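S.K.: Dropping the structure in here first, questions after.
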Amino acid sequence: MKKIIRLNESELVFLVKRTIMENNEDIDIEKIIGTYKGENPFIKDLQHNKIFKGYYLTQKEIEDATKFLEDEKIGVKPTINILKKDKPIDTNSLIQELGTKTYLDIIQSEKNTLFNRILMDKQIKISKPDDEWFEENIKNLLFLKENFKSTKGRMKWLDGETLTFEERINKLIQKCKNKDYIGFIEENEDRKVWSILNKLDTNYTNWRKLIDIRLNSKDGGGIKGENQIEIIENYFKQRDISEVLPPERLGRFIELNKKLSTNVENLSFADLDLLDAFGKKNSQTLQEIYNNISHTTNIGNQTEANFLMLLRNVKQPIEIVDFSTPGNVVDTAFGIDCAIKIDGVWFAVQIKAGKFAKNAAQKAFVNYLGINSLSIYERNKRFQFNYFSPSKRDGENLFNEDFGLN
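This is the structure we're talking about:
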């Protein structure tokens, strides 16, 4: 007669987790997340904001996702997060909009004095890049103006302005001549260069993580809201400093305001979380923000490097103008990573990377500017690429073959 062994709940949890972990080498976590049908908000966030958009997961995200998937198998509910009260909806655009407003307010208002005070011992400052950065961007914008003519009239740009392609270029040239760019600057040796931390404005992955950290703190960190939209809006809302700062910090903040001759009367929880992240010595949160942005940036940089390597190693001469320097205005304003001249014709090129790069390339901004353009994505890791263009928005368009690069 077989003996039946009954396990208590903790023993069952341990057994299931051990079984899953022992077989993790055979499990493609990213594939599982890509086909996930459940309601776990963290997994769905990775699915929609990373996997579906072609970004690779960090090791930390893989470990966290594995933990959530393990817990789901044994019926453990996920911890509180910004999607806790509703069925998940797409709030990325709202987070990007409010994140950008927060970033610009920090950069352009008196708050930048507060940030520079806490950044005194770091190599990062809120400032203007050096003259070389402005000169390089003016040169690149003039190249764009001279070699690309748009067939479209006025267009609505990402910052809300309605301008023609040429008017947009002229305005940006004047802005560079006036040295009217300010942001997070990294001081490297004798250079003051644009930092990748300026990408935190639209990086919804980082904003979501900061919101989750606050929500998981005592009393939800002060955030109020009955649904996802309210929670997000409440997090970014500007309010009197007495509503944001705990009593033990309010007096010190008022004294700092006086000392710096600033008059910062309002903060958001987003402002406060960034102040804490930037101000703490060896800040793990700041490091995670930097790592997340670096990770997605590095994936894109590698694909761009592979594409340029292909062009530089074919028999036919191809002219290349690269716009990949940090904070390059042609890249940030128009989405153009480089320009290439093949058989006497210039093409503005936007390069997409990651597992879902095809979908991103198909919707690439550059192909809606009314200029000669290509949006490129890797077909494989053997320096073969596919593309879309204003006249070819569907199908499998083979870049190497169509442009005679084999």
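Numbering (this note's numbering), first residue to last: 119 to 524.
Ideal Cβ positions, reconstructed from N, Cα and C, are used throughout, including at glycine.
Quick caveat: nothing in here was measured; it's all calculated off a predicted structure.
1. Within its chain, find whatever has a CB closer than 6 Å to the CB of residue 385; leave out the 5 residues flanking it on each side and keep chain order.
2. For residue 387, which of helix, strand or coil comes out of DSSP?
3. Determine whether the beta carbon atoms of residue 322 and residue 224 lie at a separation below 7 Å.
4. Please tell me whether residue 378 and residue 231 are closer than 7 Å, where the distance is taken between their beta carbons.
5. Select from 398, 301, 497, 458 the residue whose C-alpha is nearest the C-alpha of residue 471.
6. Can at least three beta-carbon pairs, one atom from the region 447-465 and one from the region 257-270, be found at a separation below 8 Å?
7. For residue 399, is the classification buried or exposed, using 16 other Cβ atoms within 10 angstroms of its Cβ as the cut-off for buried?
8. DSSP state of residue 459, grouped into three classes?
9. For the beta strand (DSSP E) containing residue 306, name the first residue and the last one.
10. For residue 317, which of helix, strand or coil comes out of DSSP?
11. Counting Cβ pairs, one atom from each stretch, are 3 or more of them under 8 Å apart for the region 288-295 and the region 248-256?
12. Where DSSP assigns a beta bridge to residue 280, which residues make up the other side?
13. Exposed or buried, what is residue 445 when buried is set at 16 or more other beta-carbons lying within 10 Å of its beta-carbon?
14. How about residue 475 and residue 505: are their beta carbons less than 7 Å apart?
15. Tell me, which residues are paired with residue 358 by DSSP?
16. Rounded to the nearest angstrom, what separates residue 215 and residue 242 at their Cα positions?
17. Please say whether residue 346 and residue 209 have beta carbons closer to each other than 7 Å?
18. Could you check whether residue 396 and residue 332 sit closer than 7 Å to each other, using their CB atoms as the reference points?
19. Return helix, strand or coil for residue 163, following the three-state DSSP convention.
20. In chain order, what residues of the same chain have a beta carbon less than 7 Å from the beta carbon of residue 455, not counting five sequence neighbours either side?
21. How about the region 351-358 and the region 426-442: do they share at least three Cβ pairs that are nearer than 8 Å?
M.R.: The structure says:
1. Here residue 385 is taken as the residue at index 267 of the sequence shown, counted from 1. Correct list, in chain order: 359, 362.
2. Sequence index remark: in the sequence shown, residue 387 carries index 269 (1-based). Residue 387: helix per DSSP, three-state reduction.
3. By one-based count along the sequence shown, residue 322 stands at place 204. By one-based count along the sequence shown, residue 224 stands at place 106. Contact: no.
4. Walking along the sequence shown from the start, residue 378 turns up at place 260. Walking along the sequence shown from the start, residue 231 turns up at place 113. Cβ atoms of residue 378 and residue 231: closer than 7 Å.
5. Working through the sequence shown from its first residue, we reach residue 471 at position 353. Taking only the C-alpha atoms, the option nearest residue 471 is 497.
6. yes
7. Reading the sequence shown from its first residue, position 281 is the one you call residue 399. Exposed.
8. Mapped onto the sequence shown, residue 459 falls at position 341. Correct three-state label for residue 459: strand.
9. Reading the sequence shown from its first residue, position 188 is the one you call residue 306. Residues 301-306.
10. By 1-based counting over the sequence shown, the position of residue 317 is 199. Looking at residue 317 - three-state DSSP - the assignment turns out to be helix.
11. yes
12. On the sequence shown, position 162 is the one that residue 280 refers to. In DSSP, residue 280 forms a bridge with 274.
13. Indexing the sequence shown from 1 puts residue 445 at position 327. It counts as buried.
14. Sequence index remark: in the sequence shown, residue 475 carries index 357 (1-based). Sequence index remark: in the sequence shown, residue 505 carries index 387 (1-based). No, the Cβ-Cβ distance between residue 475 and residue 505 is not below 7 Å.
15. Taking the sequence shown and counting its residues from 1, one reaches residue 358 at position 240. BP columns for residue 358 point to 384.
16. If you number the sequence shown from 1, residue 215 lands on position 97. If you number the sequence shown from 1, residue 242 lands on position 124. Residue 215 and residue 242: Cα-Cα distance of roughly 24 Å.
17. Translated into the one-based positions of the sequence shown, residue 209 becomes position 91. Translated into the one-based positions of the sequence shown, residue 346 becomes position 228. For residue 209 and residue 346, yes; Cβs fall inside 7 Å.
18. By one-based count along the sequence shown, residue 332 stands at place 214. By one-based count along the sequence shown, residue 396 stands at place 278. Result no, Cβ atoms of residue 332 and residue 396 do not sit closer than 7 Å.
19. Within the sequence shown, the letter at position 45 stands for residue 163. DSSP places residue 163 in helix when its eight states are reduced to three.
20. Locating residue 455 in the sequence shown gives position 337, where the first residue counts as 1. For residue 455, where only same-chain residues beyond five positions count, the Cβ hits under 7 Å are 422, 441, 442, 449, 467, 468, 469.
21. no
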